Structure formats: C-alpha cells, structure tokens
Amino acid sequence: MHGYQLMQTITERTGSRWRPSPGAIYPTISQLEDEGLVITEKSGGRKLASLTEAGHAHVEENSSTWADPFPAAAQSADDEVIDLRELAHGLLGAVREMARTGSDEQVRQAAVLLEETRRGLYTILAGPSAAQSADPSADDPS
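Counting in our numbering, the sequence shown runs from 56 upward without gaps.
Now the structure itself:
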C-alpha cells in the first residue's frame, strides 16, 4: 500500500476513531524501512510500502504479544456504536460558547465540571478498583 491507502485503511478499521495524518504515517514508514522491516518501491508515481522477509518474520514472531490495534468500537446497551469523538466535538462547542458568553461564575462552574469530568474519565480507564477508591460511597452498602 502507499501512505494514503494506509491512512484510509486505518481510518476504516477504527470506524473513523483514528485518522492518521501524513505526518504520522510517512515517518513511521521511513523508520520501518531503516529497520529493514519494510521496503518502499515507486509504482505509478507513488511509493508503495511492503513488508520485507525480516518484516514478515518480525510480525510472525511477535504478533501474539501485541494488543489488537483495531479493537471493536465501544457499544451502547442497544448495540449502537458510541462515537466519543463526536461527543467530544459537541462538548468543545459548548465550552467555546461558555468561554465566549458565560458570566465569570458560569465559567468557574464550567471549569470545575470539566476538571471533574477529566479526572472521572481517567478513573474509568484505571478500572473498577480505582473507581471504588475514588468514590468512598461505593463501599457503603446503604
């Protein structure tokens, strides 16, 4: 594949959650080429990247220890794909509007809410035990 095909493939396989830029793809191809894992050849005015024998061997030897780079999209209870990027876009719009038109008190409240939300997201990523220790009431059976 050439670089743009790689970018399109990654975008498709991640359900558009990750859209790599040329600034991410081309230096990576160059690094893999320097390591002897990929070879690039000009074809039809484009540079096509292909795995070398060493690249195939590296994938075969190590792929069982790698996490899935294209995990399934997060799903809601009714099997609808949850697009966190789109939700974050909407949040950013609300933050811009708050910064532009909110009173000093509203901006302060928004800042507290955003900071709590950021911490909460990291707590979710940390797993259930971190969520329970972050919320003392989670241990309270009442």
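Glycine residues also receive a C-beta, built at the ideal position from the N, C-alpha and C atoms.
A quick note: this is a predicted structure, and the numbers were derived from the prediction, not measured.
Note down, one range per segment and in chain order, each alpha helix (DSSP H) of at least 4 residues found wholly within the stretch 94-160. Within the stretch 94-160, the complete alpha helix (DSSP H) runs of at least 4 residues are 108-117, 139-156.
Measure how close the beta-carbons of Met-56 and Ala-104 come, nearest whole angstrom, since I'm counting them as under 8 Å. With a Cβ gap of about 6 Å, Met-56 and Ala-104 count as contacting.
Take Pro-100 as the anchor and find which of Tyr-59, Gly-157, Arg-173, Val-114 has the nearest alpha-carbon. Just to set this straight, residue 100 is Gly in the shown sequence, not Pro. Selected option, being the one with the closest Cα: Tyr-59.
Can you say whether Leu-92 is buried or exposed, counting buried as having 16 or more other CB atoms within 10 angstroms of its CB? Looking at its Cβ environment, which holds 16 or more other Cβ atoms inside 10 Å, Leu-92 is buried.
Taking three-plus beta-carbon pairs below 8 Å as touching, is the stretch 80-96 in contact with the stretch 108-120? Verdict: yes, contact present.
Can you list, in chain order, the residues of its chain whose CB lies under 8 Å from that of Gly-150, leaving out five sequence neighbours each side? The sequence given here places Val at residue 150; Gly does not occur at that position. Annotation for Val-150: Ala-165, Leu-169 place their beta carbon closer than 8 Å to its own, counting only its chain and skipping 5 residues before and after.
Rounded Cβ spacing between Arg-140 and Arg-72 (contact assumed at less than 8 Å): Correct: roughly 6 Å between the Cβ atoms.
Could you name the residues of the same chain whose beta carbon sits closer than 8 Å to that of Pro-75, not counting the 5 residues immediately before and after it, in chain order? These residues qualify, in order along the chain: Leu-61, Met-62, Ile-65, Thr-66.
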